[in-house]
Amino acid sequence: MTLLWKTLIDLKEPAILIRLFIPFVVGLIVVSLMGYGLFGFILTSDFVTQSAFVQDFNSWQQQAEDTIGGIPLVGGLILWFLGFTVAVIAGMLGIVLGSYLVLLFAMIVTGFMTDSLVKAVHDKHYPHTPYSGHGSMTGMIWKLVKFGLLMLLLILVTFPLLFVPLINVVWFWLIGFLFFHYAIVLDVGQVILPEPLFKKLKPITNWPPTFSIGVLYALSIFPIISFFAPVLAVIALSHYYFDQLSLEPGLDDVDAIID
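Heads up: the sequence shown at position 242 corresponds to 1334 in my numbering, and the numbers run straight through without jumps.
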């Protein structure tokens, strides 16, 4: 909770507040344009509505409804229950997947601002803690691609869970959290920490940063908050990493020289 509190306090800083709204403004424009364009294409394009797959599915659905509806006494009730269940599952998955898309876009935009966000936190709270980071941009992108493909493979392997109510939402939420945690930790860690310390602090079982990232990710289930979650996570993790970096042997001597 300390990290989250520090993060909220930092929102009064103009340098951070401006960057907080950049993913929101850019993402809102792009996601809206893409969303309206995609749904407009799906709802109006003959290529989609007149495709053999859609036609076969509509025919199968009508036959199933006629068969179930023909059951004496309970046919109508069964149809209502099935329709309600499908609507609930589709609605929950729609919210989760929609928030995923918004969050992913916000993460991409935030990735271009990580250095400046880290610098803003450093200059405000940790001016006497030098940092240099490690790794390269291409190396980080390659690691993210590999981890993302691993998560995609995990989704494909566990695809049947998509049809299990409640479990589907929890499971896909967990997979999304694993990627979110990995990406934020890797991005911020490479900017601030030397590699040995990064390897020590990066495990998901390092609970203080994992808890803070988890809270922000949980709130991102609401699409509007998804725009802000990556920026807030970068700020929270910057505080934690600078706190840990300041405890490293040798930095006291540097502070003494600066003072």
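Glycine is no exception: its CB is placed at the ideal position from the N, C-alpha and C atoms.
Contact under 8 Å by Cβ, residue i with residue j
i	j	result
Leu1248	Val1323	no
Ala1321	Ala1198	yes
Pro1315	Val1194	yes
Val1277	Ser1330	no
Phe1334	Ile1284	yes
Pro1301	Tyr1332	yes
Thr1221	Leu1337	yes
Simplified DSSP state of residue i, which is helix, strand or coil
i	result
Val1213	helix
Thr1302	helix
Phe1314	coil
Tyr1223	coil
Leu1103	coil
Thr1177	helix
Leu1083	For the chain, the structure presents residues 1093 to 1351; residue 1083 sits outside this window and is missing.
Thr1297	coil
Ile1233	helix
Phe1204	coil
Thr1159	helix
Leu1120	helix
Tyr1274	helix
Thr1250	coil
Ala1348	Any answer about Ala1348 is weak, because its pLDDT of 41 lies below 50 and its placement is not dependable; what the coordinates show is given next. Three-state DSSP puts Ala1348 in a helix.
Nearest-angstrom Cβ-Cβ length linking residue i and residue j, presumed shorter than 8 Å
i	j	result
Phe1319	Pro1106	That pair is no contact at about 19 Å.
Pro1286	His1226	6 Å
Ser1041	Ser1312	The chain is shown only over 1093 to 1351; residue 1041 falls outside these bounds and no answer can be derived.
Thr1250	Trp1265	In fact, because the Cβ distance is near 13 Å, the residues do not count as touching under 8 Å.
Spatial neighbours of residue i in its chain, beta-carbon cut-off 7 Å, leaving aside the 5 residues before and after
i	result
Leu1096	Ser1304, Val1307 and Ala1328
Thr1094	none
Cβ neighbours of residue i in the same chain (closer than 8 Å, five flanking residues each side left out)
i	result
Val1122	Phe1197
Ile1317	Leu1311
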